[in-house]
Amino acid sequence: MVKSLSILWILVTLFLAGSAQAQIKVTADADGINFPENAPIKILVTITHSPQEAIDEKSFKLGGKPIVAKLIDQTKMTAGNLQLSMYNFELPPQLKGLHLVPEVQVVIAGQTFRTVPTTFEVKSGGVTNSKSPTTPSPNTGKGKYKPNITPMLKFEGFVDGPKILYPGQKTLVGYTYTYNVNLETTAEQTPLLEAQGLLKVGDKIVQEDEKNGISTLKFIQIVKGDQPGDFTYGPSTLEAVPYQLNPTGERAYGDKISSKTPAITIKVIPYPAAEKPPSFNGAIGDFNWKTTLTSSPSVSVGDELSISFDAAGKGDWDTVNLPELCCQPSISGQFRLSDLPAVGKLNGDSKHFEMQLRPLSTAITEIPSLEFSSLNPDTGKYRVVKTEPIPIKVEGGALKPDAIIPKPETESSKLQSREEFQTVQPLEIPGNRTFTSADLRNLPFGNWWVLFLIPLGIGLLIFQFNWINFLDKKKAVAESSGQKSEAILKQALESPLGSSLQYDLLNQALVTRLVEAGELESDRVNSQLLKSTGIQGEVRKFMSDIEALRYAGKQEKSDEEIVKRAHLIFDKISEGNE
Numbered sequence: 000m001v002k003s004l005s006i007l008w009i010l011v012t013l014f015l016a017g018s019a020q021a022q023i024k025v026t027a028d029a030d031g032i033n034f035p036e037n038a039p040i041k042i043l044v045t046i047t048h049s050p051q052e053a054i055d056e057k058s059f060k061l062g063g064k065p066i067v068a069k070l071i072d073q074t075k076m077t078a079g080n081l082q083l084s085m086y087n088f089e090l091p092p093q094l095k096g097l098h099l100v101p102e103v104q105v106v107i108a109g110q111t112f113r114t115v116p117t118t119f120e121v122k123s124g125g126v127t128n129s130k131s132p133t134t135p136s137p138n139t140g141k142g143k144y145k146p147n148i149t150p151m152l153k154f155e156g157f158v159d160g161p162k163i164l165y166p167g168q169k170t171l172v173g174y175t176y177t178y179n180v181n182l183e184t185t186a187e188q189t190p191l192l193e194a195q196g197l198l199k200v201g202d203k204i205v206q207e208d209e210k211n212g213i214s215t216l217k218f219i220q221i222v223k224g225d226q227p228g229d230f231t232y233g234p235s236t237l238e239a240v241p242y243q244l245n246p247t248g249e250r251a252y253g254d255k256i257s258s259k260t261p262a263i264t265i266k267v268i269p270y271p272a273a274e275k276p277p278s279f280n281g282a283i284g285d286f287n288w289k290t291t292l293t294s295s296p297s298v299s300v301g302d303e304l305s306i307s308f309d310a311a312g313k314g315d316w317d318t319v320n321l322p323e324l325c326c327q328p329s330i331s332g333q334f335r336l337s338d339l340p341a342v343g344k345l346n347g348d349s350k351h352f353e354m355q356l357r358p359l360s361t362a363i364t365e366i367p368s369l370e371f372s373s374l375n376p377d378t379g380k381y382r383v384v385k386t387e388p389i390p391i392k393v394e395g396g397a398l399k400p401d402a403i404i405p406k407p408e409t410e411s412s413k414l415q416s417r418e419e420f421q422t423v424q425p426l427e428i429p430g431n432r433t434f435t436s437a438d439l440r441n442l443p444f445g446n447w448w449v450l451f452l453i454p455l456g457i458g459l460l461i462f463q464f465n466w467i468n469f470l471d472k473k474k475a476v477a478e479s480s481g482q483k484s485e486a487i488l489k490q491a492l493e494s495p496l497g498s499s500l501q502y503d504l505l506n507q508a509l510v511t512r513l514v515e516a517g518e519l520e521s522d523r524v525n526s527q528l529l530k531s532t533g534i535q536g537e538v539r540k541f542m543s544d545i546e547a548l549r550y551a552g553k554q555e556k557s558d559e560e561i562v563k564r565a566h567l568i569f570d571k572i573s574e575g576n577e
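Per numbering that gives the first Met the number 0: the sequence shown ends with 577, consecutive numbering throughout.
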């Protein structure tokens with residue numbers, strides 16, 4: 000009996016304790032509706048409790064860190080023996096977007112209570128408060144503004160990095176706000192953070208600091224150069240009014256203060272044209288490259304060779320990518336590369352790439368030396384690095400389906416096809432057919448509805464007439480198109496000797512001539528897809544030699560020989576077409 004009464008007393012005690020605790024409720028929400036960018040966020044903490052349940056005002060914590068919350072109101076509720084206590088504190092200014100009010104802790108009646116995190120949205124605009132006028136006047140709030148110190152506001156723009164950029168090169172821009180009292184912004188111009196003409200990288204970075212009563216707020220934006228030009232930002236201005244909070248939580252405003260920072264100019268210049276290597280693809284910094292064969296060095300024709308590329312050094316790693324390896328000497332026509340670009344993986348002060356090559360011939364004995372280049376932004380000079388060749392062994396074998404290249408048509412295959420076509424099978428003469436009764440009846444076209452075939456016949460005649468005209472026009476265009484390749488060749492001969500423009504025009508003239516001669520269907524063709532024999536083989540070898548010239552410093556005599564050789568091949572194509 001005594002044991003049963005003890006258990007009942009424990010249950011009643013727990014129930015009463017739970018009921019008392021259930022009456023205590025703590026919430027924390029952003030106080031207001033509109034929360035502009037760069038403005039302090041006022042947080043309102045509402046506590047529902049009984050007068051006997053004391054609140055430890057020194058126990059407030061935000062996200063586990065102590066904070067100072069001010070009591071702004073305490074009201075007794077009509078329902079039950081409860082009262083409503085309201086405290087507030089401020090969060091620092093936030094950027095545009097959705098934000099979270101962290102968990103607030105407070106000790107009430109010796110027990111710790113925690114709030115459920117809530118959200119609020121910050122919208123773009125100047126620093127204003129939803130409960131204050133956009134442009135407040137002195138002494139607007141209840142009470143008078145009585146500063147203990149002279150309000151101070153310092154507004155500075157800065158560029159933390161180079162002011163002269165190459166395309167793709169990064170720098171830091173932003174503003175520093177320095178103040179010693181609570182301020183509410185009324186006007187603000189910050190063109191550096193918009194960075195018109197430059198490319199912004201990521202969101203703005205906010206840094207806060209307070210020392211000896213002086214608060215510092217920094218807004219930083221990472222930008223990079225895009226198109227060459229001069230870009231001026233500013234002058235930038237900031238206007239604000241100091242304020243104080245009276246015991247009721249309302250603001251009393253002082254006189255307006257302002258600060259101005261001069262204009263800042265950032266210049267974007269093009270990459271240096273002098274001594275620009277063909278392998279340069281925008282890498283900014285100084286980097287060393289190393290190639291490693293990660294698969295077996297012995298493969299069959301068309302099998303994959305896995306190669307890793309590692310870049311090490313200092314610079315902007317976002318600009319470091321593999322160059323167009325397919326255009327480098329000894330790669331074009333010898334290996335087949337993946338159509339997808341290699342994606343690099345950054346690891347500290349190095350970047351790793353992986354790629355697969357497929358050898359197309361048993362004559363290949365090595366992965367040739369590859370060229371990589373970068374630009375030192377401080378000196379404006381290019382740095383060229385060439386890797387060591389990697390020996391491999393390629394054995395014969397059938398090409399993989401995705402590594403097959405067009406097989407040139409030989410004379411023997413042409414002769415075999417012609418013989419198969421000319422082979423005539425014996426004729427079979429069927430016997431005479433016997434008449435039937437159906438043969439004595441009217442034929443299907445012996446009726447009056449055959450007249451409807453007349454319009455159909457007229458339509459077919461009109462179509463035939465138009466089709467013949469279309470073919471004649473097409474033939475005339477084809478006969479006159481021969482002037483196109485000659486015009487391109489003439490333009491190439493008039494271009495600067497040995498220039499990239501001259502090489503490109505010579506290639507275009509030869510390919511266009513092949514199209515006019517019926518050797519190709521389109522002038523948009525890769526040199527690897529040309530046949531290796533005949534006139535196409537000569538053009539293919541010529542185009543490979545031109546690619547090699549772009550990576551090797553040849554003399555003027557070699558340039559003249561290339562032009563002369565191109566002219567001879569062009570005439571040879573013309574003679575074969577006549």
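We put the beta carbon where it would ideally sit given N, CA and C, even for glycine.
Beta-ladder partner(s) of residue i, from DSSP
i, result
"LEU504", "Answer by DSSP bridge pairing: none, since LEU504 is not bridged."
"VAL514", "DSSP output for VAL514 lists no bridge partner at all."
"ASN287", "ALA311"
"PHE157", "GLY173"
"GLY224", "PRO166"
"HIS351", "ASP309 and LYS344"
"PRO65", "LYS60"
"LEU70", "TYR86"
"LEU292", "ILE306"
"ALA251", "GLN243"
"PHE230", "ILE265"
"GLU365", "PRO390"
"ASP55", "VAL106"
Three-state secondary structure (DSSP) of residue i
i, result
"GLY458", "helix"
"ILE148", "coil"
"GLU274", "coil"
"VAL393", "strand"
"THR318", "helix"
"PRO407", "Reliability fails at PRO407, whose pLDDT of 45 lies under 50, so the model's placement of it is uncertain and the value that follows must be treated cautiously. PRO407: coil per DSSP, three-state reduction."
"VAL538", "helix"
"ASN468", "helix"
"GLN621", "Shown here, the chain extends from 0 to 577; a query on residue 621 therefore has no answer."
"PRO197", "For the sequence presented, residue 197 should be read as Leu rather than Pro. It is coil, neither helix nor strand."
"LEU519", "coil"
"ASP28", "strand"
"LYS571", "helix"
"SER206", "The sequence shown places Gln at residue 206, not Ser. Here GLN206 sits in strand by DSSP."
"GLU559", "helix"
"ASP544", "helix"
"SER214", "strand"
"LEU324", "helix"
"LEU10", "Here LEU10 scores only 49 on pLDDT, less than 50, and its place in the model is too uncertain to base an answer on."
"LEU339", "coil"
"PHE451", "helix"
"LEU509", "helix"
"ILE23", "coil"
Range covered by the beta strand (DSSP E) that runs through residue i
i, result
"PRO190", "That residue, PRO190, is in no beta strand (DSSP E); its alpha helix (DSSP H) goes 190–193."
"PHE371", "370–375"
"ALA239", "235–244"
"LEU182", "182–187"
"LEU529", "Careful: LEU529 lies outside any beta strand (DSSP E) and carries neither H nor E."
"LYS41", "40–48"
"PHE119", "117–122"
"ILE256", "256–260"
"ILE263", "263–267"
"SER498", "Neither: SER498 is in no beta strand (DSSP E) and is coded neither H nor E."
"SER297", "297–299"
is_contact[residue i, chain C] using C-beta, thresh 8 Å
i, result
"ASP225", "Here chain C cannot be found, since the structure has a single protein chain."
Beta strand (DSSP E) runs contained entirely in the region 83–111, provided each spans 3 or more residues: Every beta strand (DSSP E) stretch that sits fully inside the region 83–111 and reaches 3 residues is listed by chain position as 96–100 and 103–107.
Segment contact flag, the region 146–153 with the region 172–181, C-beta cutoff 8 Å, min 3 pairs: Using a C-beta cut-off of 8 Å, the region 146–153 makes contact with the region 172–181, since at least three inter-stretch Cβ pairs fall below that distance.
Cβ contact check for the region 166–176 and the region 217–228: 3 or more pairs under 8 Å: Contact holds between the region 166–176 and the region 217–228, because three or more Cβ pairs, one in each stretch, are under 8 Å apart.
Given 8 Å, three or more beta-carbon pairs between the region 504–519 and the region 483–490: Taking a contact to require three or more Cβ pairs closer than 8 Å, the region 504–519 and the region 483–490 qualify as touching.
At least three beta-carbon pairs within less than 8 Å, the region 312–332 to the region 261–274: Output reads no: the region 261–274 does not touch the region 312–332.
At least three beta-carbon pairs within less than 8 Å, the region 88–98 to the region 41–61: Verdict: yes, contact present.
Segment contact, 8 Å Cβ cut-off, at least three pairs: the region 300–314 with the region 342–354: Yes, the region 300–314 touches the region 342–354.
The region 267–286 touching the region 368–384, judged by at least three CB pairs closer than 8 Å: Segments in contact, yes.
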